[in-house]
Amino acid sequence: MKKETYNVEGIEIDVEHYAVDDTDAERKKMAHAFKVIREESGMNRKDFSEWLGIPYRTMQEWELGRRMMPEYVLRLIAYKVVNERQKGNL
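Going by the working numbering, the letters in the sequence shown line up with residues 70 to 159, in that order.
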(Lines of atoms letter the chains of each structure in order from A and count residues from 1; the text may use other names and numbers.)
(Lines give C-alpha, C1' and ligand atoms only; values in the text may rest on other atoms or scores of the structure.)
Protein backbone atom coordinates (compact mmCIF):
# COMPACT_ATOMS: atom_id res chain seq x y z
CA MET A 1 0.00 0.00 0.00
CA LYS A 2 1.21 3.50 -0.83
CA LYS A 3 2.25 5.88 1.97
CA GLU A 4 1.28 9.51 2.14
CA THR A 5 2.30 12.37 4.41
CA TYR A 6 -0.48 13.92 6.43
CA ASN A 7 0.26 17.39 7.81
CA VAL A 8 -1.64 18.33 10.94
CA GLU A 9 -0.82 21.86 12.07
CA GLY A 10 2.86 21.45 11.21
CA ILE A 11 3.28 17.89 12.47
CA GLU A 12 4.19 15.60 9.56
CA ILE A 13 2.63 12.15 9.86
CA ASP A 14 3.36 9.27 7.47
CA VAL A 15 0.27 7.11 6.98
CA GLU A 16 -0.89 4.41 4.62
CA HIS A 17 -2.90 5.78 1.69
CA TYR A 18 -6.53 4.76 2.06
CA ALA A 19 -9.52 5.16 -0.21
CA VAL A 20 -11.40 8.37 0.64
CA ASP A 21 -14.77 6.63 0.98
CA ASP A 22 -13.54 3.94 3.36
CA THR A 23 -14.74 5.02 6.83
CA ASP A 24 -12.76 2.33 8.63
CA ALA A 25 -9.58 3.39 6.86
CA GLU A 26 -10.24 7.04 7.71
CA ARG A 27 -10.71 6.12 11.36
CA LYS A 28 -7.38 4.24 11.31
CA LYS A 29 -5.67 7.23 9.71
CA MET A 30 -7.03 9.58 12.38
CA ALA A 31 -6.08 7.14 15.14
CA HIS A 32 -2.52 6.92 13.85
CA ALA A 33 -2.29 10.70 13.50
CA PHE A 34 -3.53 11.16 17.06
CA LYS A 35 -0.98 8.69 18.40
CA VAL A 36 1.86 10.45 16.57
CA ILE A 37 0.73 13.82 17.95
CA ARG A 38 0.63 12.39 21.49
CA GLU A 39 4.10 10.91 21.03
CA GLU A 40 5.34 14.30 19.77
CA SER A 41 4.27 15.72 23.13
CA GLY A 42 6.49 13.20 24.92
CA MET A 43 3.62 12.17 27.20
CA ASN A 44 2.01 8.84 27.89
CA ARG A 45 -1.77 8.44 27.46
CA LYS A 46 -2.59 9.21 31.09
CA ASP A 47 -0.52 12.39 31.25
CA PHE A 48 -1.74 13.54 27.83
CA SER A 49 -5.39 13.04 28.75
CA GLU A 50 -4.92 15.01 31.99
CA TRP A 51 -3.01 17.77 30.17
CA LEU A 52 -5.80 18.15 27.61
CA GLY A 53 -8.68 17.62 30.02
CA ILE A 54 -10.03 14.76 27.90
CA PRO A 55 -11.26 11.62 29.66
CA TYR A 56 -8.66 8.86 29.42
CA ARG A 57 -11.15 6.35 28.04
CA THR A 58 -12.25 8.70 25.23
CA MET A 59 -8.66 9.37 24.25
CA GLN A 60 -7.85 5.66 24.37
CA GLU A 61 -10.79 4.86 22.07
CA TRP A 62 -9.59 7.50 19.59
CA GLU A 63 -6.00 6.28 19.64
CA LEU A 64 -6.97 2.64 19.20
CA GLY A 65 -9.31 3.51 16.33
CA ARG A 66 -12.44 2.23 18.03
CA ARG A 67 -14.07 5.65 17.77
CA MET A 68 -13.37 8.39 15.28
CA MET A 69 -12.56 11.80 16.62
CA PRO A 70 -13.70 14.86 14.68
CA GLU A 71 -10.90 16.23 12.50
CA TYR A 72 -11.23 19.70 14.04
CA VAL A 73 -10.44 18.19 17.47
CA LEU A 74 -7.33 16.51 16.04
CA ARG A 75 -6.23 19.84 14.54
CA LEU A 76 -6.84 21.73 17.80
CA ILE A 77 -4.82 19.18 19.78
CA ALA A 78 -1.99 19.29 17.23
CA TYR A 79 -2.06 23.11 17.35
CA LYS A 80 -1.74 23.06 21.14
CA VAL A 81 1.14 20.55 21.06
CA VAL A 82 3.02 22.55 18.40
CA ASN A 83 2.56 25.86 20.26
CA GLU A 84 3.48 24.48 23.67
CA ARG A 85 6.57 22.86 22.17
CA GLN A 86 7.59 26.16 20.54
CA LYS A 87 7.19 27.92 23.89
CA GLY A 88 9.44 25.31 25.52
CA ASN A 89 6.68 23.95 27.71
CA LEU A 90 6.96 20.42 26.28
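We put the CB at the ideal spot given by N, CA and C, even for glycine.
Rounded to whole angstroms, what is the Cα-Cα separation between S110 and V150?
Walking along the sequence shown from the start, residue 110 turns up at place 41. Walking along the sequence shown from the start, residue 150 turns up at place 81. So the alpha carbons of these two residues sit roughly 6 Å apart.
Considering Cα atoms alone, identify which of E78, E95, I80, N76 is closest to M138.
Start at 1 with the first residue of the sequence shown, and residue 138 comes out as number 69. Residue E95 is the option with its Cα nearest to M138.
Under 8 Å between the Cβ atoms of L121 and I146?
For the purposes of this step, residue 121 is identified with residue 52 of the sequence shown, where counting begins at 1. For the purposes of this step, residue 146 is identified with residue 77 of the sequence shown, where counting begins at 1. Their beta carbons are under 8 Å apart, which means L121 touches I146 by this criterion.
Go through the segment 73-133 residue by residue and report every complete run of the alpha helix (DSSP H) that reaches 4 residues or more, in order.
92-110, 114-121, 125-132
Taking the alpha helix (DSSP H) that L143 falls in, what are its first and last residues?
For the purposes of this step, residue 143 is identified with residue 74 of the sequence shown, where counting begins at 1. Looking at the DSSP string, the run of the alpha helix (DSSP H) that includes L143 is 140-155.
Please report the distance separating the alpha-carbon of E119 from that of M128.
Locating residue 119 in the sequence shown gives position 50, counting from the first residue. Locating residue 128 in the sequence shown gives position 59, counting from the first residue. Rounded to the nearest angstrom, the two C-alpha atoms are 10 Å apart.
C-alpha gap between W131 and F103, whole angstroms
Working through the sequence shown from its first residue, we reach residue 131 at position 62. Working through the sequence shown from its first residue, we reach residue 103 at position 34. Their Cα atoms are separated by approximately 8 Å.
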